[in-house]
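What follows is a short report on a single structure.
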Amino acid sequence: MDLPGPIHNFLLVFLGSGLILRGLGVVLRINPIYSAFSLGLVLVCISLFYILTNYHFVATAKLLIYVGAINVLILFVVMFMNIQNIIKILIHGPLGMALLRCTILDTSWYGIIWTTRSNQIIEQDLIGNSQQIGIHLATDFFLPFEFISIILLVALIGAIDVTLQ
Amino acid sequence: MMLEHILVLSAYLFSISIYGLITSRNMVRALMCLELILNAVNINFVTFSDFFDSRQLKGNIFSIFVIAIAAAEAAIGSAIVSSIYRNRKSTRINQSTLLNK
């Protein structure tokens, strides 16, 4: 959605800080149930990010698939096992993060925008995000779409076969 | 400036989850950090497709495929973890040495 500037910035900062704190919560909490719930909140924050950038379909798909299916599966696995609480030793690695940050901030990203190709869909602004994705999935990306369905079928059969006695 | 901020955020999420994946002694926590890694990559894809590719949305569609692959991998990963737990009664990573001789 196209929000006015200050609300957009405030929501970005809010979601970004939530993301940072909960990402730390997934890794550093000792109790695995707390880290599973923090993972769910991280995924909700990322979905709200996507709503801010006008990509409604990907946001809803992530909410449904990640939070609704994958996070629930991970919670089931966590509660199914009797995991003992383990105390961890912290290893500090800030050098890699600093290198990444310098690389990102020193690159001129807006010089790339002049090399993109022209329009492929004629009615560009009248179509919503779901229809654009549907058009591209059905025409350009049809083969990966079918492969993904086969992969999901094979994964389903494999997972059931592993857990059978 | 907004593109760099979101890229730094996804890089931060990526590095935090790689740290969590490497230093976790618990298999389920490693699975959770793997999901976080795939999510950080997704943020990158969608951000680039938003800023540079509003016509064709290639990054957006690729992130849908990444979501599907992550779902399949989470299912198989939890199946393997639960069968290892059933055999060994523990979920520590350094004890799952079934492939060693």
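Protein sequence lines, in the order shown, are assigned to chains F and A.
The numbering used here puts the first residue of the first sequence at 2, with every later residue one more than the last.
The numbering used here puts the first residue of the second sequence at 777, with every later residue one more than the last.
Think of the CB as a built atom: it goes at the ideal place given N, C-alpha and C, for glycine as much as any other residue.
These figures come from a predicted structure and were not determined experimentally.
Distance, residue j Cα to residue i Cα
{"i": "D141/F", "j": "Q871/A", "result": "46 Å"}
{"i": "A37/F", "j": "L810/A", "result": "12 Å"}
{"i": "Y31/F", "j": "I860/A", "result": "Residue identity check: residue 31/F is Ile in the sequence provided, not Tyr. Straight-line Cα distance between these residues: approximately 22 Å."}
{"i": "G24/F", "j": "M803/A", "result": "18 Å"}
{"i": "I856/A", "j": "F81/F", "result": "13 Å"}
{"i": "Q133/F", "j": "L833/A", "result": "8 Å"}
{"i": "S119/F", "j": "L157/F", "result": "For S119/F, the predicted model reports a pLDDT of 48, less than 50, meaning its position is unreliable; a value from the coordinates is still stated below. Distance between the alpha carbons of S119/F and L157/F is about 40 Å."}
{"i": "F790/A", "j": "V817/A", "result": "8 Å"}
{"i": "G6/F", "j": "I840/A", "result": "28 Å"}
{"i": "L13/F", "j": "G19/F", "result": "10 Å"}
{"i": "G853/A", "j": "A70/F", "result": "14 Å"}
{"i": "A160/F", "j": "V79/F", "result": "17 Å"}
{"i": "S866/A", "j": "S858/A", "result": "10 Å"}
{"i": "I8/F", "j": "N863/A", "result": "53 Å"}
Close beta carbons around residue i, own chain, < 6 Å, minus the five adjacent residues each side
{"i": "A60/F", "result": "S48, Y51 and I52"}
{"i": "G41/F", "result": "V68 and N72"}
{"i": "L16/F", "result": "C46, L49 and F50"}
{"i": "R743/A", "result": "With chain A covering 777 to 877 only, the question about residue 743/A has no answer from this structure."}
{"i": "F146/F", "result": "L138"}
Contact set between residue i and chain A, taken where Cβ atoms lie within less than 7 Å
{"i": "A70/F", "result": "A847"}
{"i": "L44/F", "result": "N815"}
{"i": "A156/F", "result": "A848, A851 and I852"}
Residues near residue i by beta carbon distance below 7 Å, same chain, minus five either side
{"i": "G835/A", "result": "F821, V822, F824, S825 and D829"}
{"i": "F838/A", "result": "F821"}
Partners in chain A for residue i, counting only beta-carbon separations shorter than 9 Å
{"i": "I66/F", "result": "I843, A844, A846 and A847"}
Proximal residues to residue i (C-beta, below 8 Å), its chain only, five neighbours per side dropped
{"i": "L797/A", "result": "A806, C809, L810 and I813"}
{"i": "V45/F", "result": "L64 and V68"}
{"i": "S131/F", "result": "H57 and F58"}
{"i": "I75/F", "result": "A37 and L40"}
{"i": "I792/A", "result": "L812"}
{"i": "V842/A", "result": "L814, V817, N818 and F821"}
{"i": "A847/A", "result": "none"}
Contacts of residue i in chain F (Cβ-Cβ under 8 Å)
{"i": "L807/A", "result": "I75 and V78"}
Residue i: contacting residues in chain A (beta-carbon distance under 8 Å)
{"i": "S36/F", "result": "R805 and M808"}
{"i": "T61/F", "result": "Chain A residues near T61/F: none, gap ~11 Å exceeds 8 Å."}
{"i": "I152/F", "result": "A844, I845 and A848"}
Original post:
For the segment 7-33 of chain F, which segments carrying the beta strand (DSSP E) assignment without a break, of at least 3 residues, lie completely within its bounds, in sequence order?
Top reply: Correct list: empty.
Subject >> Near-chain F residues of the segment 847-877 of chain A - C-beta to any C-beta below 7 Å >> reply: Of all residues in the segment 847-877 of chain A, A847, A848, A850, A851, I852, S854, A855, I856, V857, S858, S859, Y861 and T867 have a Cβ within less than 7 Å of some Cβ in chain F.
Original post:
Given a limit of 7 Å on CB to CB distance, which residues of the segment 8-34 of chain F reach chain A?
Top reply: Correct list: G17, L20, I21, G24, L25, V27, V28 and P33.
**OP:** Please specify which runs of the alpha helix (DSSP H), each continuous and at least 4 residues long, are wholly inside the segment 782-846 of chain A, giving them in chain order.
**Re:** If we require 4 residues or more, the alpha helix (DSSP H) runs fully inside the segment 782-846 of chain A come out as 803-828.
Subject >> Interfacial residues, the segment 46-57 of chain F to chain A, with Cβ spacing under 9 Å >> reply: Residues of the segment 46-57 of chain F with a C-beta atom less than 9 Å from some C-beta of chain A are I47, F50, Y51, T54, N55 and Y56, listed in chain order.
**OP:** Jot down the residue ranges of each uninterrupted alpha helix (DSSP H) in the segment 127-153 of chain F, minimum 4 residues, whole runs only, in chain order.
**Re:** 130-140, all fully within the segment 127-153 of chain F.
**OP:** Could you list the residues in the segment 129-147 of chain F with a C-beta less than 7 Å from some C-beta on chain A, going in chain order?
**Re:** Listed by position along the chain: Q133, I134, H137, L138, F142 and P145.
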